[in-house]
RNA sequence: CUCCCGGUAGCUCAGUUGGAUAGAGCGUCGGAUUCCUAAUCCGAAGGUCGUGGGUUCAAAUCCCGCCCGGGAGACCA
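Here it is, written out as structure tokens:
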């Protein structure tokens, strides 16, 4: 819609002018500021606007007016009718595009050492909605979860389960300083006893004192990997509870290490590595990193960074137009070194976009919750979902920008009133469904209706609903799905207001108003589904 | 010390890429239901957009300095 308007102005101004939304509805649907053009032509802005009005008048605009330095435009009924018919015909396909960039989107990638906590949920919901929106408007998106199934934390998981099992069996246990706590370890330990038998746990774990810290000597890959697989199943369940579209790929860190020699030789060939103090370092400081990083330890084992380098090498070999990673904000220090590595591998680091999802501060009854993965007192996704439902949680997360700190009280999400925006938007949708039920009509019946003599309220509501495609483009290209959420809240608000002011059924404009509501209903439904929320037909 | 994020109404946050009188929800106060779902609506009060400069017809928005809050800075993953 906007494009068409810009086109008309271009004929007279020589370029596409900015097309703005007027601050006040009375000014019309679109406003074009002409200050810049007036200056170029050395004319008074007010005069210039008046002259321009005469030039751009046509049947697609109901009115064109000059107010101050702006040209304000109102669209005609016919213009709006055409777009409304498209919405009603296409329904959930409205605004669908195709043939855009091929994108690899990696998100969540939480360590498989415990269930998802509320911080993970934010990244998960953010990535999922981004993928849904992007796919709708025509991006070819592959979603991926990187599983850190190698290294110390997996060993620690196995150890925790082993010790947990011994405790359950009444055997003596010496706890080291580091191990995973929490209820889920106890559950896992119980399962492990069933799976492996009691005898499996009869040997005590040796504890070594090292620099004043108690460290466990534990090497049981079989149990560790078993526990990891169990945790992955839990994580999948948590993701499902959040209504996350299943990931296309699960990439295992462990499975990638076999390529290390190959990747290492590429790095060496490109002069990225050097040896110092018996370790091998990456010259990441040549590319904006603060200092060089170790990739191989003295004992010859590659570090976590090495794993990440292999992973990104693998990603870039798969040839996407763009790579998007969603990381927790606490990982921002890794951006520079990973990008440096990509550069050293001979790929273009600008193709990798790293989005950070900031911390969530959870309150309950005004009291802060401290989250920690190691200690057992973090907030589990499943608890919150059970408490308030996935829809409400998704909605709250998606009303805010992902890269800003967010604070909210779980108690607020339990309220089933307008303080809970997901109810507010759903209620609007349910009301529309109810009106159509009462009218015994379907959305498709509305295609026969032609708009005429639309009043301001009707036009405003319809016009707002028709902004959806523009909002989707905007939300995706800025990687800000919250723009869609806020749009839906606005639309619901506009509808509720309309509803209270204007009778639909039984009025002489019943048909026309029903048609407008059909458009609003479809847009609300579509918008919610792109946020991963099921629109309710009844409340 | 370096880097990242933020500072907008009492609280939680938007602000469509630089436009007209600064926005919403919650909270406070006052109203609306013989009628399509009151889980809703209408109205009022509430602001030096952290601060100082710069850029221009125009700055909450862009640039620089400073102040305050949060986070990150591993041979951990």
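In the numbering used here, the protein residues as written are 142 to 680. Where is the CB? At the ideal position from N, CA and C, for every residue including glycine.
- Cβ contact annotation for residue 477 (same chain, cutoff 8 Å, sequence separation greater than five): 425, 428, 429, 430, 431, in chain order.
- Judged by pairs of C-beta atoms under 8 Å, the segment 230 to 238 touches the segment 273 to 292, as three or more such pairs exist.
- Remark: C-beta atoms of residue 366 and residue 357 do not approach each other more closely than 9 Å.
- Per DSSP, reduced to three states, the secondary structure at residue 497 is strand.
- Taking a C-beta distance under 9 Å as the contact criterion, residue 171 and residue 146 qualify as a contact pair.
- Setting aside the 5 residues that flank it on each side, residue 548 is surrounded in the same chain by 502, 504, each with a C-beta closer than 7 Å to its C-beta; the list follows chain order.
- Assigned with DSSP and collapsed to three states, residue 611 falls in helix.
- Residue ranges of uninterrupted alpha helix (DSSP H) with 4 or more members, entirely inside the segment 168 to 250 and ordered along the chain, are 176 to 181, 186 to 197, 218 to 231.
- One Cα belongs to residue 245, the other to residue 344, and the distance between them is close to 46 Å.
- Of the candidates 625, 605, 537, 625 places its Cα closest to the Cα of residue 612.
- Judged by DSSP in its simplified three-state form, residue 590 adopts coil rather than helix or strand.
- DSSP places residue 262 inside the alpha helix (DSSP H), whose first and last residues are 259 to 277.
- Take residue 494, set aside five residues on each side of it, and the residues of its chain with a beta-carbon closer than 6 Å to its own are 465, in chain order.
- Taking a C-beta distance under 9 Å as the contact criterion, residue 592 and residue 642 do not qualify as a contact pair.
- In this structure, the beta-carbon distance from residue 368 to residue 329 falls below 9 Å.
- The beta carbons of residue 207 and residue 187 sit closer together than 9 Å.
- Taking each of 271, 417, 304 in turn and checking the Cα distance to residue 327, the smallest one comes out for 304.
- The three-state secondary structure of residue 284, taken from DSSP, is strand.
- At least 9 Å separates the beta-carbon of residue 423 from that of residue 385.
- Residue 342: not part of any beta strand (DSSP E); DSSP gives it neither H nor E.
- In the three-state reduction of the DSSP assignment, residue 662 falls in the helix class.
- Listed in chain order, the non-local C-beta contacts of residue 421 below 6 Å within the same chain comprise 414, 436, 437, local neighbours out to five positions each way being set aside.
- Under the three-state reduction of DSSP output, residue 674 falls in the coil class, being neither helix nor strand.
- At the C-beta level, residue 193 and residue 153 come within 9 Å of one another.
- Residue environment for residue 545: exposed (fewer than 16 other C-beta atoms within 10 angstroms of its C-beta).
- The criterion of a C-beta distance shorter than 9 Å is satisfied by residue 269 and residue 383.
- Separation of the CB atoms of residue 253 and residue 522 is rounded to 14 Å, and the pair is thereby denied contact status at 8 Å.
- Under the three-state reduction of DSSP output, residue 579 falls in the helix class.
- Secondary structure note for residue 401: its alpha helix (DSSP H) is the uninterrupted segment 401 to 410.
- Secondary-structure assignment with DSSP links residue 414 through a beta bridge to 423.
- Considering only 615, 651, 620, the residue with the shortest C-alpha distance to residue 496 is 620.
- Only exposed fits residue 618, as fewer than 16 other CB atoms lie within 10 angstroms of its CB.
- Looking at 463, 214, 196, 191, the one whose alpha-carbon comes closest to that of residue 202 is 214.
- If you draw a straight line from the Cα of residue 674 to the Cα of residue 532, it comes to about 6 Å.
- For the segment 286 to 366, the continuous alpha helix (DSSP H) assignments of 4+ residues that do not extend past its boundaries occur at 293 to 309, 324 to 337, in sequence order.
- Excluding its 5 nearest sequence neighbours in each direction, residue 290 has C-beta neighbours in its own chain below 7 Å: 253, 369, 393, 394, 395, listed in chain order.
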